[in-house]
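Down below is the structure, laid out as structure tokens.
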Amino acid sequence: MKILRYLLQKEFIQILRNKSMWPIIFLMPIIQMVILVNAATLELKKSDVYVVDQDMSDASRQLVDKLKGNPFFQITSITDNDHLADQQLLNGKAGVVLDIPENFEKHLKRNNQASLQLRVDAINGLAAELTWSYMNSVIVDYNNQIRASWMGVSKFDPPQKIEVSQRYWYNPSLIYSFFMAPGVLVILVTLVGMFLAAVNLVREKEIGTMEQLNVTPIKKYQFIAAKMIPFLAIALLDLSFGLLIAKMVFNMPFEGSLLVLYGFTTVFLLGVLGLGLLISVVSETQQQVFFVSYFFLLVFILMSGLFTPVESMPTWAQWLDHLNPMYYMMKVIRNVVLKGSGFFDLKYEFLSMLGYGVAMFSLAVMRYRKTA
Amino acid sequence: MKQLRGFIRKEFHHIFRDSRTMLILFGIPIIQLLLFGYVITTEIKDARIAILDKSHDEVTREITHKLLSSGYFRLDAMLDNEGQIDNIFRQGNIKEVVVFEQNFGKKLERDGKADVQVITDASDPNTAQLLSNYTNAIVQDYLQKKFVNYKIPLEIKPQVRMLFNESLMGAFTYVPGTMALILILISAMMTSITIVREKEMGTMEILLVSPLKSHHIIIGKVAPYLILSILNALIIIGMGYLIFGVPVRGSFILLMFVVIVYILLALSLGILISTISDSQVKAMFVSVMILMLPTILLSGFIYPIDNMPVALQVFSNIMPARWFIEAVKAVMLKGVGTGYIWKQILIMTGMTILFLGISVKKFKLRLE
Amino acid sequence: MENENTVIRVRDLVKKFGQFVADDHLSFDVYKGEIFGFLGANGAGKTTAIRMLCGLLEPTSGELTVAGLDGFKQREAIKRRIGYMSQKFSLYEDLTVNENIRLFAGIYGIPTHIRKEKTEELLEKLELGSARKKLVRDLPLGWKQKLAFSLAIIHDPSIVFLDEPSGGVDPVTRRRFWDLIYEAAHEGITVFVTTHYMDEAEYCHRVAIMSAGKIVALDTPKALKKEWDATSMDGVFLKLARSNE
Numbered sequence: 001m002k003i004l005r006y007l008l009q010k011e012f013i014q015i016l017r018n019k020s021m022w023p024i025i026f027l028m029p030i031i032q033m034v035i036l037v038n039a040a041t042l043e044l045k046k047s048d049v050y051v052v053d054q055d056m057s058d059a060s061r062q063l064v065d066k067l068k069g070n071p072f073f074q075i076t077s078i079t080d081n082d083h084l085a086d087q088q089l090l091n092g093k094a095g096v097v098l099d100i101p102e103n104f105e106k107h108l109k110r111n112n113q114a115s116l117q118l119r120v121d122a123i124n125g126l127a128a129e130l131t132w133s134y135m136n137s138v139i140v141d142y143n144n145q146i147r148a149s150w151m152g153v154s155k156f157d158p159p160q161k162i163e164v165s166q167r168y169w170y171n172p173s174l175i176y177s178f179f180m181a182p183g184v185l186v187i188l189v190t191l192v193g194m195f196l197a198a199v200n201l202v203r204e205k206e207i208g209t210m211e212q213l214n215v216t217p218i219k220k221y222q223f224i225a226a227k228m229i230p231f232l233a234i235a236l237l238d239l240s241f242g243l244l245i246a247k248m249v250f251n252m253p254f255e256g257s258l259l260v261l262y263g264f265t266t267v268f269l270l271g272v273l274g275l276g277l278l279i280s281v282v283s284e285t286q287q288q289v290f291f292v293s294y295f296f297l298l299v300f301i302l303m304s305g306l307f308t309p310v311e312s313m314p315t316w317a318q319w320l321d322h323l324n325p326m327y328y329m330m331k332v333i334r335n336v337v338l339k340g341s342g343f344f345d346l347k348y349e350f351l352s353m354l355g356y357g358v359a360m361f362s363l364a365v366m367r368y369r370k371t372a
Numbered sequence: 001m002k003q004l005r006g007f008i009r010k011e012f013h014h015i016f017r018d019s020r021t022m023l024i025l026f027g028i029p030i031i032q033l034l035l036f037g038y039v040i041t042t043e044i045k046d047a048r049i050a051i052l053d054k055s056h057d058e059v060t061r062e063i064t065h066k067l068l069s070s071g072y073f074r075l076d077a078m079l080d081n082e083g084q085i086d087n088i089f090r091q092g093n094i095k096e097v098v099v100f101e102q103n104f105g106k107k108l109e110r111d112g113k114a115d116v117q118v119i120t121d122a123s124d125p126n127t128a129q130l131l132s133n134y135t136n137a138i139v140q141d142y143l144q145k146k147f148v149n150y151k152i153p154l155e156i157k158p159q160v161r162m163l164f165n166e167s168l169m170g171a172f173t174y175v176p177g178t179m180a181l182i183l184i185l186i187s188a189m190m191t192s193i194t195i196v197r198e199k200e201m202g203t204m205e206i207l208l209v210s211p212l213k214s215h216h217i218i219i220g221k222v223a224p225y226l227i228l229s230i231l232n233a234l235i236i237i238g239m240g241y242l243i244f245g246v247p248v249r250g251s252f253i254l255l256m257f258v259v260i261v262y263i264l265l266a267l268s269l270g271i272l273i274s275t276i277s278d279s280q281v282k283a284m285f286v287s288v289m290i291l292m293l294p295t296i297l298l299s300g301f302i303y304p305i306d307n308m309p310v311a312l313q314v315f316s317n318i319m320p321a322r323w324f325i326e327a328v329k330a331v332m333l334k335g336v337g338t339g340y341i342w343k344q345i346l347i348m349t350g351m352t353i354l355f356l357g358i359s360v361k362k363f364k365l366r367l368e
Numbered sequence: 001m002e003n004e005n006t007v008i009r010v011r012d013l014v015k016k017f018g019q020f021v022a023d024d025h026l027s028f029d030v031y032k033g034e035i036f037g038f039l040g041a042n043g044a045g046k047t048t049a050i051r052m053l054c055g056l057l058e059p060t061s062g063e064l065t066v067a068g069l070d071g072f073k074q075r076e077a078i079k080r081r082i083g084y085m086s087q088k089f090s091l092y093e094d095l096t097v098n099e100n101i102r103l104f105a106g107i108y109g110i111p112t113h114i115r116k117e118k119t120e121e122l123l124e125k126l127e128l129g130s131a132r133k134k135l136v137r138d139l140p141l142g143w144k145q146k147l148a149f150s151l152a153i154i155h156d157p158s159i160v161f162l163d164e165p166s167g168g169v170d171p172v173t174r175r176r177f178w179d180l181i182y183e184a185a186h187e188g189i190t191v192f193v194t195t196h197y198m199d200e201a202e203y204c205h206r207v208a209i210m211s212a213g214k215i216v217a218l219d220t221p222k223a224l225k226k227e228w229d230a231t232s233m234d235g236v237f238l239k240l241a242r243s244n245e
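Protein chains in written order, with the UniProt record's numbering: chain U, 1 to 372; chain V, 1 to 368; chain R, 1 to 245.
What follows is the structure, encoded as structure tokens:
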């Protein structure tokens, strides 16, 4: 154990001495977090609409007014002919073209029914769907308004109704940053910890100091532990900064216990740093380590449940996700932070991650050869 | 010229010999595309829900059945009382609890009105909202089909056409996005790391005193990555077309031109990063921090730029990937010609010249 | 020739990398307190051999005993009894002289009070006292070498392995470095050194000359010069090389 102490002392001196890395380790993740959490939002804020009004009636003008009054839609221009509409979509100046056909009002009055045409730039399918549903609700609103003024009924009620009250627990105002901030934080903490640890080890191989250590009686587990602990500490420090930022900048609530969160994060880092070190002991150059780690991280991040709920993935992917440490971490941090889940609520995740961590650490120790 | 050719050949051998890196370089785009194509779907299905049915009558049973057969939901538990809801949410598996009030069916028949609570776990607000809305829609649909059978007066029917991507496929955004990400990875990150590696190992000085001119050294270092990047772009476009049906509607030559302009931009960025980093670790972190995550999140790849706060919309202007993605989408998916994307091409070229200019200046300073 | 003074015993030691035979049936003994040189051109198999002896490489076949311990089964135990310094003399460049000493002393489990004593002794001997808080990176090459050597024997090993230890320095600095080696040998530490500098070979008690993975000659420098009728080891080496063509 004494040897480990000397090795750790060495690692910490080296890290502290390399001052030019500090801003990269501590400052950059924080800036990233502030920027990225703000950037990552799925709630649509605006959409540019190009209106082609070929009817120019009271009814059509009423609809246009209704659109103007909606903060989401911005009307780029209103014309009565169609020939420029496609170009607007092609050069990206408008996201939606609303066509009000000739005799719109007349049809509505005479046939009790009329139609409108919408063209939506659907390259981003998700955004297009949302835009369409917002537009649809404006039209439904407008429809109710027309009914009210023409037929004199205030609201059109069906004879029987089921009142569905929609409650959003743990985040009643549906604030997206409460979801995104812990997620981005996990990514940053993982990036910093895993890359630093993995690259640090292989660097000793490259410059030859590793060989010097290999002729000493150092135990393999002591060496791997000495490479893990400092970066685990750095990652936890980054986590702390990130939580402070989340609290101060995004007003994110913190319902659970810090002990549970730090405890789990430590177990999690044991797993990902272990994986990083495993990659490192089987690689020869920093470049190799970088690319292999990048590959794993990319898959971990995309499958973590941050960009798409895990339940929506195909079954095989869900099974595979049990090998993804970030899957557990994302779930745990969200549950602890927003719901106040405790250790017993998350014991399955704890135990899985602990097994994962121990396995990764052991594999790294086993694959580390003191002989070439 | 002969020396340059020999040097480039040496660099090529150096890279292509490292089979592990090659595997990763071609593996990353393929895996990433497959993940986006098959795993990262935005549609919800099989969300686990719990039901607290205080009524247990025919109507609630029918609604439950309708919910569960919709494909969106999967029943995980039947609850007995409200006290269990918080507990079950804390374990993090269940996304929604549907609570039917007592005498639900009776009330609906007698009073014409009954209450159902849909409680969602909004720690994932997006999913929560979607689930809640789906549930609402299914309940209303049930009601309409079962009890109400009447004609709506004065109905306005909007007809919608989804242009450029009729079936709303995610592939239409992630194919250009993946390209933006991979090309930055290979061109900028790899270039910067290779050059810094030479600095770190002290071999850069050997090269600098050799008869090779310094720009020849840079060209030699960069040329293999240009080729690798072009190959990767072709793989991505090919996979997009063959597996996910993403077409190339515009001119293929114009598309490749845009790709090459972007690769050159990424390479110049890599050179710039290498001039400001003194160790590989630093080059990696600068690359990952200022390139990888922002390219995913700030370029309009996943999250539309229009939704961002104004400050970030302005900020996104300096993201090379933003202009690339715009241009690629326009050429590939809208099928437009040069007239529509000259602005994007001009901006990318300008950035390239700027980055190279700064690099040359820094490089000279360092040598003096 | 075998006796209780044998500290390294090598019999038919072979190392293959795939089809390539780097070391082909090496056999020799090294005795306590001697300076044993391993000579040969680059690629002759010296480094492979020394790396097997100190447990950095697994031999393909043969017998190997180092400090009375088996070179196949007791590799970790051997490491407590040996010191090693490579051509890159791998000190930590971003640690100070003091910190390097503390680290390596710590790794070998030297108690703190003894370490402090040794540190003072060592710094005085190397005249590095004023540089103790300097980063190793900022030391001249010759000092780095001397420090690396002193660290390789800080735990009083019975054998120290030196793999081309004095590359890149001028003959005067090399001579001073060899003073340290003699001193260590005098204190009873066996020295096993590989080199391709022929002047260094003259300093050894016995030398083995390697060529293409085989030992082609093994004796004292004096006897070798006599046998090959040469005035220097350089001459021996050239004649040997010619006769092997």
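Just so you know, even glycine gets a beta-carbon here, dropped at the ideal spot from N, CA and C.
Quick one: grab the DSSP three-state call for residue i.
i	result
U:Gln166	strand
V:Ala247	Reading off the sequence, residue 247 of chain V comes out as Pro, not Ala. V:Pro247: coil per DSSP, three-state reduction.
V:Ile347	helix
R:Glu4	coil
Report all residues from its chain with a CB closer than 6 Å to the CB of residue i; omit the five preceding and five following residues, and keep chain order.
i	result
U:Leu196	Phe231
V:Ile276	none
V:Arg161	none
U:Lys370	Asn214
V:Leu79	Ala50 and Leu52
V:Trp323	Gln344, Ile347 and Met348
V:Ile341	Ala327 and Ala330
Does the distance from the CB of residue i to the CB of residue j come in under 8 Å?
i	j	result
U:Ala226	U:Leu16	no
V:Val246	V:Ala171	yes
R:Val236	R:Trp228	yes
For residue i, I'd like the list of residues in its chain whose CB is within less than 7 Å of its CB, leaving aside the five on either flank, ordered along the chain.
i	result
U:Val51	Val64, Ile75, Ile78 and Leu98
U:Leu89	Val97, Arg119 and Asp121
U:Ala114	Phe104, His107 and Leu108
V:Gln280	Ile193, Val196, Arg197 and Glu200
R:Ala184	Ile153, Val160 and Val191
What residues match up with residue i in a beta bridge as DSSP calls it?
i	result
residue 249 of chain R	Past the boundaries of the shown model lies residue 249 of chain R; chain R is included only from 1 to 245, so the question cannot be answered.
R:Phe28	R:Val10
R:Met210	R:Ile215
V:Leu75	V:Ile49
R:Gly37	R:Val193 and R:Val207
V:Ile119	U:Arg167 and V:Val97
V:Lys157	U:Ser115
U:Lys77	Lys is not the amino acid found at residue 77 of chain U; the sequence shown has Ser there. Answer by DSSP bridge pairing, in chain order: U:Tyr50.
Between the C-alpha atoms of residue i and residue j, what's the straight-line distance to the nearest angstrom?
i	j	result
R:Arg75	U:Gln288	30 Å
U:Leu126	V:Ser167	11 Å
U:Ser341	U:Leu269	20 Å
U:Leu297	U:Tyr221	25 Å
V:Pro294	U:Leu244	22 Å
R:Val7	R:Thr190	8 Å
R:Asn98	R:Lys133	6 Å
Does residue i come within less than 8 Å of chain B when only Cβ atoms are used?
i	result
U:Phe300	Among the protein chains in the structure shown, which are U, V and R, there is no chain B.
Residues in its own chain within less than 8 Å of residue i by CB, not counting five upstream and five downstream?
i	result
residue 375 of chain U	This structure leaves residue 375 of chain U out entirely; chain U is present only between 1 and 372.
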